[in-house]
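Q:
Numbering (our numbering), first residue to last: -17 to 299.
1) Label residue 295 either buried or exposed according to how many other C-beta atoms from any shown protein chain fall within 10 Å of its C-beta, with 16 as the threshold for buried.
2) In chain order, which continuous runs of the alpha helix (DSSP H) of length 4 or greater are located wholly inside the segment 9 to 81?
3) Taking the alpha carbon of residue 85 as the point to measure from, which residue in 74, 64, 243 and 101 has its own alpha carbon closest?
4) Go to residue 279, then tell me how far its alpha helix (DSSP H) extends in each direction, as first and last residue.
5) Give me the residue from 256, 160 and 190 with the minimum Cα distance to residue -6.
6) Bridge partners of residue -12, per DSSP?
7) Bridge partners of residue 174, per DSSP?
8) Alpha carbon to alpha carbon, how far is residue 97 from residue 4? Give it in angstroms, no decimals.
9) Do residue 259 and residue 266 have their CB atoms nearer than 8 Å?
10) Where does residue 119 sit, in a helix, a strand or coil, going by DSSP?
11) Let me check you understand the geometry: is the CB of residue 94 closer than 7 Å to at least one non-hydrogen atom of the ligand FAD?
12) Using 10 angstroms around the beta-carbon of residue 88, count the other beta-carbons present and answer buried if the total reaches 16, otherwise exposed.
13) Taking a contact to mean a Cβ-Cβ separation below 8 Å, would you say residue 167 touches residue 284 in this structure?
14) Name the two residues that bound the continuous beta strand (DSSP E) containing residue 96.
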């Protein structure tokens, strides 16, 4: 089963069978890479003309952009990156929809796209004529991050169903949190949030989600603690009812919180981690911290997704 030629814009577009297939393929890629430092030999049939992937990043990115680039390289695909607004015709006044239409007119086989909140871009995507993978859209969704997070939890704990995941920090501005809530709850995970009240969303779909304002109580509850960065760039001119020092005092994850989670508790973060704010330096060195494992797994999960969207057949192992 595949979803060849279909865009992947939201985790809600995947059913349980598709998620299981994607995770199985990512696991195969990871295991094969450990043996042979590659997995492109699993692609069947081998094509003399590799596919072309357009990497379009209209917001800053390190992990996601390089992860997709690395995944494409490991699959034997060609790719190009468009990530500089200042050196493109956007600086001349060209609209984002027109920019995307022109890139699509160069006939890439796949477009990986990150962009801000833009109804105009949303309306343009169905007309581009090539499948799109959402690499992060404003504050709404980051579906591939949710996939790699779920894959990492399943890999570490054996299963997702019945687990408790706590998201700590600036949840109200987090596209990662939105996608994780949708994907994890669909897989039988209970999700809760913790942070200053001004950072906790109240509207649907968060209205029924358990909310903590005491981190010790929350850490005692969860199996997995996922930290989030304070997204100051999305706060605008709003006067937030918190100070950074107060945030550190009340919501920075420390060794004492990991102890409350127990020896099997997991610590995660989508990055970038701002040292000394979300996590203490000590917890980042703790073996229960899977931040870099998430990054590694992201390459395999995104490679698996690209093969499915592009209709690439993979030899079973």
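Positions of the beta carbon are idealized from the N, C-alpha and C atoms, including for glycine.
Note that the structure is predicted; figures quoted are calculated from it, not measured.
A: Inspection of the coordinates gives the following:
1) By the 10 Å Cβ count, residue 295 comes out exposed.
2) 45 to 56
3) 64
4) 273 to 291
5) 160
6) According to DSSP, which records beta bridges pairwise, residue -12 is partnered with nothing at all.
7) 148 and 192
8) 24 Å
9) no
10) strand
11) The ligand FAD is absent from the structure shown, which contains no ligands of any kind.
12) exposed
13) no
14) 92 to 97
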